[in-house]
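Please read the structure below before turning to the comments.
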Amino acid sequence: MKIYELLQKHSRLPSHKELQLRTKEPTWENRDFWHDLDETFKVYRYHCHPRDRARIISEITRRIMDTAESRRPFEILDIGTGKGENILDIMASLFMQNRRPSALDIVEPSLMARECALQLLPRYEYGGCLRNAFSTLEETEERTYDAITLYNAIFYFEPLEESVVYFLHRLKQGGILIFLYANGFVDYESVIQDICDKSGIPHKITLSVLPLRLFMGEGEIVYKTDMLKTLKRFCFQSKDLCNNPVSDEEFIEILRACSEDGFVDYEHRLLTIQVR
1 MKIYELLQKH SRLPSHKELQ LRTKEPTWEN RDFWHDLDET FKVYRYHCHP RDRARIISEI
61 TRRIMDTAES RRPFEILDIG TGKGENILDI MASLFMQNRR PSALDIVEPS LMARECALQL
121 LPRYEYGGCL RNAFSTLEET EERTYDAITL YNAIFYFEPL EESVVYFLHR LKQGGILIFL
181 YANGFVDYES VIQDICDKSG IPHKITLSVL PLRLFMGEGE IVYKTDMLKT LKRFCFQSKD
241 LCNNPVSDEE FIEILRACSE DGFVDYEHRL LTIQVR
């Protein structure tokens, strides 16, 4: 059984409208929140099954490639870049398939993370990918893009009613908006479908479900306290996101019940909206 299916039996999430308000609470200025998140992401990358992560990168690359009738340089905007590891893999994969350097702009509100991304990502003017790094969306001004990507960043851009339409208007004709997020906790698909329909912008929505196995240990759970705390938050099991979150002990038992060969499938959804 999937982890979100078991959690739904033990706790009840508030409505999407209420979650819109609650997910705004950990603001960009909350240093403790971002430090914990940063450290936990390092562990997640270490624990992720490499084949699953490679497939996700490959699928995102394919969706971008499918928007072009012929090979050409792309202009990409990545939002919520963090330290840049994920978008670096996507851009490298795109470069190998397209055989042309594409221009990447990033938006990352955290100064520390943005500086790390600047160190990691190869510069466009030297034959790499990174063109500009911004702290806010507004700084990108009137630029338009072939693809806009949000890799596990969707919940930081509530209210989606405003953000999704804004993103769609920043796409070139035939451009694509790409969301990757954990499966099963919030029904983002129907919410975004409704937003897109009401926008009046011609579009095509495609959805894929992809495995992302996390190693959690065989027998004994290897996660430390901070890792467990942040994983619970990603599963909407923190007190500020859920009315009756499961305890740490219950969460560990749910992880055990969902595990196979020491891995838990933290299944993800890849939702793309292509502008017609």
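Using full-length UniProt numbering, the first residue of the sequence shown is number 1, and each one after it goes up by one. We put the CB at the ideal spot given by N, CA and C, even for glycine.
Judged by DSSP in its simplified three-state form, K198 adopts helix.
Secondary structure of Q274 (DSSP, three-state): strand.
In the displayed model, F74 falls within coil according to three-state DSSP, outside both helix and strand. Sorting F155, S93, I201 and G184 by C-alpha distance to the C-alpha of K9 places G184 at the top. Per DSSP, the unbroken beta strand (DSSP E) holding I106 starts and ends at A103 to V107. The alpha helix (DSSP H) runs lying completely inside the region 110-193 and spanning 4 residues or more are 111-120 and 160-169, given in chain order.
For P245, the number of other beta carbons within 10 angstroms of its own is at least 16, and it is reported as buried.
Closest by C-alpha distance to Y266, out of L111, T61, R53 and L241, is R53. The shortest C-alpha to C-alpha distance from S190 to any of Y166, R269 and L228 is the one to R269. Here DSSP, grouped into helix, strand and coil, assigns I60 to helix. Going by beta carbons, L88 and V107 fall outside the 9 Å limit.
Leaving aside the five residues that flank K2 on each side, the residues in its chain whose CB is nearer than 8 Å to its CB run, in chain order, N183, G184, C258, D265 and E267. Burial state of R114 is buried, judged by a 10 Å Cβ sphere holding 16 or more other Cβ atoms. With contacts defined by Cβ atoms closer than 9 Å, F179 and T61 do not form a contacting pair.
The three-state reading of DSSP puts H268 in strand, counting E and B together.
Here K229 is near S238, since their CB atoms are less than 9 Å apart.
Scanning its chain for C-beta atoms nearer than 6 Å, with the 5 sequence neighbours on each side dropped, one finds no residue around E125. Distance from the Cα of M216 is smallest, within the candidate group K232, I192, D261 and F236, for D261. Linking L118 to I90 through their CA atoms gives a straight-line distance of about 16 Å.
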